[in-house]
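For the sequence shown, numbering that gives the first Met the number 0 puts the final residue at 303, and the numbers step up evenly by one.
No residue lacks a Cβ here, since even glycine has one placed at the ideal position from N, Cα and C.
Below is one structure, written out as C-alpha cells; the observations come after it.
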Amino acid sequence: MRIDRLLEIVILLLNNRTMTGKQLANRFGVSVRTIQRDITALTMAGIPITSDTGYNGGYSVLAGYKLHNSFVKKEDFNIIIMALKSLSTSYENKRLDTILDKYLSMSDSNLPSIFVDYGVTKEGSKIQSNNHILENCIEHCRQVSFRYRDTFGKCSDRLVEPLALHFKWYSWYLFAYDVQKKAYRTFKVVRMDKPAPAGGHFERIADVEKLLQEHEQDYYKNCEHILVWCPADNISLLEETFPDAKFKQKADGSWVMDLHVPPSEPMWQALLLGLGNNAKIIAPDFYRDSLIETAKKFIQNYDT
C-alpha cells in the first residue's frame, strides 16, 4: 500500500540521512518516477525533505526533524530498541527490521548501552530458511509437509498445521498439530528436511500461546530428576552450566546437583560430557550407563 511506502520512506531517510531515488526504488520494487511522486506527496504533507545533486546527492530530511510519539516515554525507547536489536541478531525478518527502523527514527541520540547477541541461535542458513517457510505457513494458515528425523535417527514424513515457532534448549522448535497422529507435537526445526506448504488450509487458533504452555506442561511432566556429583572446588562451573539446577553440599565438601530435564533432549547430556571429570551421574543408573556408553563410542573415534 502506498501509505505504508510513504511512511517507510520517511523512516529510511531519518535513519540513513541520504538516499538516492534509485536506492529507494530498488528498496520498494517501484520505478524512480514513482519515488519522485512519493517525495512530492511527502513534501506537500509537511515533511521537510530536501534534494541534492552531485556525487553524494540524494533525498534527505532536514536535520533535527523527528517523528513525534506522545504515547511512549523517551526513556522507554532504549529498552524497546535493545529488545528489537537483540531479537534481530537471532531471527532474520524484514518486518522486524522495519519495526526497528521505526523506533530508531523516534528515539533520541541516547541509544541503549546494553547489547545482547543471540547470533548463535540462528543455527545456520538452513534453519533460517526453514523458519521463513514455516512462518509464512503459520501466517497464512497453510498446512506444511516435511521429512522429520527424531532423536533416535528414525525418519518419517509429516503433515502438520503449524501454529508457532519458539526457541528453547538452544534450538528453534515448531509447535504444530500433527494431522496423521491427531495430536499436538513439537518438532526441532534443524531435524526438518525440505519443509513446504501443502494444499490444505486450517482455521486459526485464537490463543496459541496458552495451548503451547499447556503442551509444554504436559511435556515436562515426563521430565526426570538426574543426580550429578561434583567435587567441592568445581561447583561454580556447574552453576554456570546449569543455572536452574538445585545443589546440596555433602559432609565431605562435594556437591550433588539435581537436574530436572526431559529424557529425550540430548543437550543436557552433551553439556555433562563437556564437563569431563568435573561431573558424574550417580542416579538413575540408566543415564549413568548411557553416558558411559556414549563416552566409549567417542573414544573409539581416536587412536588411544
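Closer than 6 Å by C-beta to residue i: which residues in its own chain qualify, once you throw out the five before and the five after it? Chain order, please.
i: arginine 287; result: Ile280
i: proline 262; result: Glu223
i: threonine 240; result: Leu270
i: leucine 237; result: Cys229, Met256
i: lysine 296; result: none
i: valine 119; result: For valine 119, the predicted model reports a pLDDT of 48, less than 50, meaning its position is unreliable; a value from the coordinates is still stated below. Hits under 6 Å: none found.
Here's a check: name, in chain order, each residue in its chain whose Cβ is nearer than 7 Å to the Cβ of residue i, leaving out the five neighbours to either side.
i: serine 69; result: For serine 69, the predicted structure reports a pLDDT of 45, less than 50, and the residue's modelled location is therefore unreliable. A value from the coordinates is still provided. So the list is empty, once near-sequence residues are dropped.
i: asparagine 233; result: Asn277
i: arginine 16; result: Ser59
i: lysine 187; result: Ser170, Tyr172
i: glutamine 248; result: Trp254
So the alpha helix (DSSP H) residue i belongs to, where does it begin and stop?
i: serine 235; result: 234-240
i: alanine 294; result: 284-299
i: phenylalanine 27; result: 20-27
i: lysine 125; result: 124-138
i: valine 31; result: 31-43
i: glycine 273; result: 266-273
Sorted by chain position, which residues of the same chain lie with C-beta nearer than 8 Å to residue i's C-beta, five sequence neighbours on each side aside?
i: tyrosine 176; result: Val159, Glu160, Leu162, Ala182, Tyr183, Arg184, Phe201
i: proline 242; result: none
i: aspartate 251; result: Ala231
i: serine 30; result: Ala24
Assuming the contact rule is C-beta atoms closer than 8 Å, residue i and residue j should be a hit. Round their C-beta distance to whole Å, please.
i: arginine 203; j: tyrosine 147; result: Their Cβ separation, rounded to whole angstroms, is 24 Å, which puts arginine 203 and tyrosine 147 out of contact at 8 Å.
i: alanine 231; j: serine 253; result: 5 Å
i: glycine 20; j: glutamine 35; result: 6 Å
i: phenylalanine 145; j: lysine 209; result: In fact, because the Cβ distance is near 26 Å, the residues do not count as touching under 8 Å.
i: alanine 294; j: leucine 272; result: 7 Å
i: leucine 12; j: aspartate 37; result: Incorrect: roughly 11 Å between the Cβ atoms, too far for contact.
Checking 7 Å against the spacing of the C-beta atoms, do residue i and residue j come in under that value?
i: proline 196; j: cysteine 140; result: no
i: isoleucine 48; j: threonine 42; result: yes
i: leucine 211; j: phenylalanine 174; result: yes
i: glycine 199; j: glutamine 142; result: yes
Residue i lies in the beta strand (DSSP E); which residues open and close that run?
i: glutamate 160; result: 154-167
i: alanine 182; result: 182-187
i: lysine 249; result: Premise fails: lysine 249 is in no beta strand (DSSP E) and is neither H nor E.
i: valine 178; result: Valine 178 -> no beta strand (DSSP E), and no H or E assigned at all.
i: tyrosine 147; result: 141-148
i: cysteine 229; result: 223-229
*Determine contact between the stretch 214-225 and the stretch 256-273, defined as no fewer than three beta-carbon pairs at a distance below 8 Å.*
yes
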